[in-house]
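First comes the structure, then the notes that go with it.
Residue numbers (the numbering used here): 46 to 615.
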């Protein structure tokens, strides 16, 4: 690159840098000028005339203190905050002249922030000065409004003093205090202490609002106490006396104490109303209403209990008559059945226990009746005892019914077992005929032993049922044994006959193969020996079946299937 080109580039860079620096300086000077203009605009908003007007006014007390505070705020803005802005703008201009743009930007931003702060301070100062200048007029408007409300309350209190009862004195005292506050307000206003007068106005406004609330709340709560609560208490006391005269007894006589507590609560409520503690009075009144409701509930319990007691006395009297008659019949039935059966469920002892329980409950019933006649027991307590008695008697009735059912079971069981015995004897004869009809050469000793064993058990059952006084425990035991034996014997008989018949059929099927298989005849011969001589039909069948299956697999199943088919049709 030639020297001339390098020189040209450097010259261009210098020119570009100069232009850039010029533009940046120009922007900073512009920003500084704009901030200076904003500062001037803010200076034009200085409330000098308002400050002068406040200084010229005659003020005392809190108003004078407020005026001095506002003047101090103004002095702070004029002597410290504005000079700070001017200094920051000067520093920004100097930094820009020396090309210290970063430093210049910092001074500009700080100056802008200070201007915003001063603007906000001036706004607040202007508002505060306006309020201070207008305080007297605003106070006078407010006091007139409060006085009108005051006179309305005074008028209502005089016209309707009876509606406020024991709260009248406290309300009059509140109004008297307000009159004193009105005088104090006039004195403060005349002296020029409008700020202190404003504070007193706020207090008067709170008081008048509270008074208006009292004027609404007090008559309402007094009406509730005098017209509702006291009437309810009088009604309770009258009802309590009437019930006592009618013979009602109340547990621990707690109602008398409850009624005494209601009078104490009434006095406390009235005291709270008299001192205008309305919220506490309402809370106590809620407790009083709950107490009254409890007393009503206690009276209602006894009234309802009397109705229930009268119903239960009538019901239980009839139940006693019914149960005693049922129990009498039970003993007659027990005596009758005892002549024919040994009673194994201890029915006599259970019936005696029922009889004793009925006697105990009847004794208690008579005692309750006497206490009710003597008016020495509350109906609620009698109701509880009678309900328990009713449940106990119901249990005795169920127990009597169970005993009666057990007694009827003796005869029913005897008849059922006799019917079963007859059916088992028929079944034994049928099994015997069934075996004889098959013309078997004989019967295995095991089968015969079990047959005679079963026959002996049936005979024992027949003898037990023939006794003049049946031992049903023994009868049940023999009956169950006989049922099991007959059922098993029936299965053994079917199995025995099936084995014998199948042995002959399989032997016939196997005989077809005597020429092809020389050992067939030997097997058949041995099987027939077991069949005819030993009566071992099971082994006889096994011998020919196994041989047939070796020669013709599946043949036995075919023979068995055909046999069962023919057997079902026969």
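Yeah, the Cβ is synthetic: ideal placement off N, Cα and C, and Gly gets one too.
Quantities reported herein were computed from a predicted structural model and do not represent experimental measurements.
From residue i to residue j, what does the alpha carbon distance come to, in whole angstroms?
i           : j           : result
residue 467 : residue 517 : 18 Å
residue 482 : residue 475 : 10 Å
residue 112 : residue 200 : Annotation note: pLDDT 47 at residue 112 (below 50); position unreliable, no value reported.
residue 578 : residue 487 : 8 Å
residue 181 : residue 253 : Below a pLDDT of 50, predicted positions are generally treated as unreliable, and residue 181, at 49, falls in that range; no measurement from the model is reported.
residue 501 : residue 495 : 10 Å
residue 340 : residue 315 : 21 Å
residue 292 : residue 447 : 42 Å
residue 40  : residue 428 : It is not possible to answer for residue 40, since the shown part of the chain is limited to 46 through 615.
residue 271 : residue 411 : 48 Å
residue 535 : residue 557 : 34 Å
residue 361 : residue 437 : 11 Å
residue 430 : residue 381 : 37 Å
residue 582 : residue 389 : 47 Å
residue 256 : residue 322 : 12 Å
residue 348 : residue 308 : 24 Å
residue 587 : residue 469 : 32 Å
residue 391 : residue 533 : 35 Å
residue 497 : residue 613 : 28 Å
residue 450 : residue 511 : 24 Å
residue 605 : residue 540 : 13 Å
residue 290 : residue 197 : 53 Å
residue 193 : residue 248 : 16 Å
Less than 6 Å between C-beta atoms, sequence neighbours within five positions excluded: which residues of the same chain meet that for residue i?
i           : result
residue 585 : 548, 572, 575, 576
residue 393 : 379
residue 444 : 399
residue 325 : 317
residue 395 : 448
Could you check which residue in the options has the C-alpha nearest to that of residue i?
i           : options            : result
residue 287 : 317, 299, 344      : 344
residue 543 : 480, 532, 614      : 480
residue 386 : 556, 279, 458, 505 : 458
residue 397 : 376, 388, 598, 381 : 376
residue 351 : 599, 299, 413      : 413
residue 506 : 588, 497, 527      : 527
residue 525 : 470, 606, 465      : 465
residue 304 : 471, 283, 322, 367 : 283
residue 439 : 299, 403, 312      : 403
residue 434 : 452, 417, 418, 408 : 408
residue 472 : 452, 529, 193      : 529
Is it buried or exposed, residue i, if we count other Cβ atoms within 10 angstroms and call 16 or more buried?
i           : result
residue 423 : buried
residue 383 : exposed
residue 406 : buried
residue 342 : exposed
residue 359 : exposed
residue 372 : buried
residue 425 : buried
residue 484 : exposed
residue 545 : buried
residue 364 : buried
residue 357 : buried
residue 452 : buried
Is it the case that the Cβ atoms of residue i and residue j are separated by a distance below 9 Å?
i           : j           : result
residue 520 : residue 596 : no
residue 415 : residue 294 : no
residue 489 : residue 580 : yes
residue 329 : residue 310 : yes
residue 593 : residue 554 : yes
residue 568 : residue 531 : no
residue 266 : residue 337 : no
residue 432 : residue 368 : no
Just to confirm my understanding: we take residue i, look at its own chain, exclude 5 residues before and 5 after, and list those with CB closer than 7 Å. What are they?
i           : result
residue 590 : 551, 601
residue 301 : none
residue 455 : 382, 386, 517
residue 100 : Since pLDDT at residue 100 reaches only 49, below the 50 mark, its modelled position is unreliable, and the value read off the structure follows with that caveat. Same-chain partners within the cutoff: there are none.
residue 538 : 476, 479, 480
Grab me the residues of residue i's own chain with a C-beta within less than 8 Å of its C-beta, minus the 5 sequence neighbours each way, in chain order.
i           : result
residue 509 : 515, 516, 519, 520, 523
residue 334 : 274
residue 565 : 555, 556, 558, 559, 592, 596
residue 354 : 417, 424, 427, 428, 431
residue 332 : 310
residue 327 : 266
Check whether the Cβ of residue i sits closer than 8 Å to any heavy atom of the ligand COA, and report yes or no.
i           : result
residue 568 : The ligand COA is not among the ligands present in this structure, which contains no ligands whatsoever.
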